[in-house]
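The sequence shown: position 360 = 359 (numbering that gives the first Met the number 0), numbered continuously. Structure record follows, encoded as structure tokens.
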Amino acid sequence: MDLFLRPVPSVVKLPSTFDNGSTEVIPTRLPSALTEVVDEIPARFSDITFNHLRNVKFYDVLLEEGKMQLNKVLLAKSPVLVNMVIKPCQMETNESLNVLVEITKSQRASSKAVFVLPNFFFNYSALRHLYLKECDIQIPCFFKGFNKSIRLILKYVTLSSDTFKSLISNCPMLEDLVLKDIDNLCFMSINAPKLRSFVFRGDIQYIHLENVFVLSNVLYKPRELVLEDEDDFVNIFSSIPALECFSWDLFEVDNGSTKVIQTRLPSVLNCLKILFMSWITLGVFFELSFALCIIRSSPNLEEIEIKECILSDGDYFVCVTQEVVDEIPASFSDIKFNHLRTVRSYDVLLEEVEMHLIKVLLAKSPALVKMVIKPRQMETNKSLNVLAEITKFQRASSKAEVVYFVD
């Protein structure tokens, strides 16, 4: 079932009953005297659900505060809704923009419901902070850009690669970009010379960063990461020369058929100071190799935090061969972390792999102040034995304090 609505200024028809199989023509431009009637719309639909409504289109709508109740009702009462299109009758005011924002925030009965962003929205070139969620973005031909926008957040939106490129390139002042679960994209070209912060959740292979020479803060939450050759891994970092803070969340990552992880990157990450890695399992070859490569390639690190994810005690450590484990100390033989002051490791099992990394960081960090170790729950006696072993490790810094949590 589709519903098409056009304004009927001289007729007002609010049904006392509304059959799921019927189509009503309801005015979207109501006389001001009917404000009380408009306020009653949600109550009139309280016992109704439109189980077959898939498309809603509003044409020549005058967006005014308090007159968009019907939109909200249809979003909340249509569990199979796919599209809602709103086409205003004329250039809209700031009040209309506020109404539009309220509509996009409205409760939706259908997880697949997509709100098609109206063309008038792209006339607001002075927007500085833009947050779009669960909508379909189609840029009109007259769009000249959001010239003052410094922050753009896109979550669960639908747009083509060309539309994305046009949107980003027409935000010349953009400093902060957040992209999460973008639909319909095969390739994302990001050309943003003033970009300083970038957060991304999705398929990392689709990202191409260019002209982002001041980008310093990056958070990646990849859903898929397949590295078929050395260049695939290098490309993740090669276009971010000013990277200072890097966060890597592996919660949902699928590394597929990845076969190659380099010992070090060909170009040193000289600017990288802060490294966060979460939901990582150092007992899996891919994730261990990834972590060690980044650490070895970042001699100026000041802070490292690793939060591990172990689903069952010890099972994951069969994935790393003894040969790989034994090579860890030697792979750091020519490296010193002269600026590293803080190391935090959470939910570690303190297997041989992890103990080697702790030992290396203590021995190679002359400015280290604190190392925090919070092991995964284990027997107290075993935990104390591990602590006794760690206290015997050589420390390059006389001020290094090891904080060890015992359950």
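Even glycine gets a Cβ: it sits at the ideal position worked out from N, Cα and C.
query	result
According to the neighbour-count rule (16 or more other Cβ atoms, all chains shown, within 10 Å of its Cβ), is F141 buried or exposed?	exposed
N70: buried (16+ other C-beta within 10 angstroms of its C-beta) or exposed?	buried
Quick check: L80 and L52, are their CB atoms within less than 9 Å of each other?	yes
So what's D161 in DSSP terms, helix, strand or just coil?	helix
In the DSSP output, which residue or residues are listed as bridge partners for T341?	E302 and K369
Are the CB atoms of P298 and I334 within a distance shorter than 9 Å?	yes
Using 8 Å for Cβ pairs, my map puts R150 next to D175. What's the rounded Cβ distance?	4 Å
In terms of residues, what are the limits of the beta strand (DSSP E) holding D248?	C244 to D248
In this structure, what does DSSP give as the bridge partners for N216?	S196 and C244
Considering only DSSP beta bridges, list what L135 is partnered with.	Reading the sequence as shown, one finds Asp at residue 135 and not Leu. Answer is V115 and T157, bridged to D135.
Who are P221's beta bridge partners in DSSP?	G201
Report the rounded CA-to-CA distance for K381 versus I372, giving the unit in angstroms.	15 Å
Once DSSP output is grouped into helix, strand and coil, what is the label at R394?	coil
DSSP three-state call for S124: helix, strand or coil?	coil
Buried or exposed for T320, please, with buried defined as at least 16 other CB atoms from any protein chain shown within 10 angstroms of its CB.	exposed
Whose CA, out of G144, Y155 and K154, lies closest to the CA of K164?	G144
Thinking E301 and L339 are a contact (beta carbons under 8 Å), I'd like their distance in whole angstroms, please.	6 Å
Span of the alpha helix (DSSP H) holding E174?	Note, E174: premise wrong, no alpha helix (DSSP H); not H, not E.
In whole angstroms, what is the alpha-carbon distance linking F404 and N384?	13 Å
Quick check on the burial criterion: 16 or more other C-beta atoms within 10 angstroms. Buried or exposed for F121?	buried
Leaving out five residues before and five after F392 in sequence, what residues of the same chain have Cβ atoms less than 8 Å from its Cβ?	I357, K358, L361 and A362
Taking the alpha-carbon positions, what's the L349 to Y123 distance?	55 Å
Once the 5 residues before and after L116 are set aside, which same chain residues still bring their CB inside 6 Å of it?	C134 and I136
Suppose you measure from the CA of L271 to the CA of W247; what does that come to, to the nearest Å?	13 Å
Can you give me the C-alpha to C-alpha distance between F289 and I260, rounded to a whole angstrom?	7 Å
So, with DSSP's three-state summary, where would you put V283?	coil
Report the rounded CA-to-CA distance for K132 versus T162, giving the unit in angstroms.	16 Å
Report the option in I40, N337, N146 and S159 whose CA atom is closest to the CA atom of P171.	N146
How many angstroms separate the CA atom of S344 from the CA atom of V352?	13 Å
What does DSSP give as the partner residue(s) for L178 in the beta ladder?	L153 and F199
Is it the case that the Cβ atoms of E209 and L249 are separated by a distance below 9 Å?	no
Helix, strand or coil: which one does DSSP assign to N54?	strand
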